[in-house]
Amino acid sequence: MASTSQHSLEETQGSTTDQPPLWDNKTTAADKLNLQQLDAAYEQKKVESKQKKSSCHVKLKRKGIATPIERDLGVEVRDQLDQEIARMYCIGGLPFNLARNPHYLRAFQFASNNKINGYVPPGYNNLRTTLLQKEKNNVHRLLDPLRSTWKEKGVSIVIDDWSDPTRKPLINFIATSSNGPLLLKTVSQTTLGPD
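Its first residue numbered 1, the sequence shown is counted upward by one per residue in UniProt numbering.
Right under this line is the structure:
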């Protein structure tokens, strides 16, 4: 039984006695000469490539051959955009959980669905001033229906003290009603004094 399986193995792989194993192959002088010529041609192409890059001031990007379907679907462009987004996360120290934020997804979907020529994302100052104030006004507008019920149903003010990650004492002022709680303000106890 063992000889039958060994015989069928030799038929599928070829006889082991027909050719010597690869490690027994000896290189000839012609093989060495051919290898040297290939190395010389490779080095020459490297030198020519560097000269071409230095003569034209455009940064050349090595591209693979894309199929017509990949070109139509924009696979290469999508991959490049994904890489730019990943670089933004890594260099900016952004938490990867940001990718789960629905507003993050909506922003990219909006940008891809609407052609906005020359659009530049908001800068540092615009984000921390104008856009922050607009978002604060939006949140207040969304909370107005909750606040409007306070006159009819009543409201309780709750004070909660705790400490932040650096162990600084904080006081939270929270309004609670039948519609739910709402954080009004957080104040540092160090500004209020020890009492």
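Each residue gets a CB set at the ideal place from its N, CA and C atoms; glycine is no exception.
- In this structure, the CA atom of G180 is about 41 Å from the CA atom of E84.
- Taking 3 residues as the minimum length, the stretch 86 to 113 contains no beta strand (DSSP E) run wholly inside it.
- If one requires a minimum length of 4 residues, the alpha helix (DSSP H) runs lying completely within the UniProt domain "DUF659" (122 to 188) are 132 to 148 and 150 to 153, in chain order.
- Our two residues, T176 and K153, have alpha carbons roughly 11 Å apart in a direct line.
- From the listed residues Q109, V187 and S178, the smallest Cα separation to P169 is found for V187.
- Counting only residues of its own chain and dropping the five nearest sequence neighbours on each side, L146 has a CB closer than 8 Å to the CB of S177, N179, G180 and L182.
- In the three-state reduction of the DSSP assignment, K115 falls in the coil class, being assigned neither a helical nor a strand state.
- With respect to the 9 Å criterion, D160 and I174 are classified as neighbours on the basis of their beta carbons.
- In the same chain as P122, and ignoring 5 residues on each side of it, the C-beta atoms closer than 8 Å to its own belong to L131, in chain order.
- Taken atom to atom, the span from the alpha-carbon of N114 to that of Y89 is near 24 Å.
- DSSP, reduced to helix, strand and coil, places T28 outside both helices and strands of the structure shown, so it counts as coil.
- Distance from the CA of L98 to the CA of N138, rounded to the nearest whole angstrom, comes to 21 Å.
- The C-alpha of V155 lies about 41 Å from the C-alpha of G93.
- Each of L81, F96, R128 and Q133 was checked against the Cα of A111, and the nearest Cα belongs to L81.
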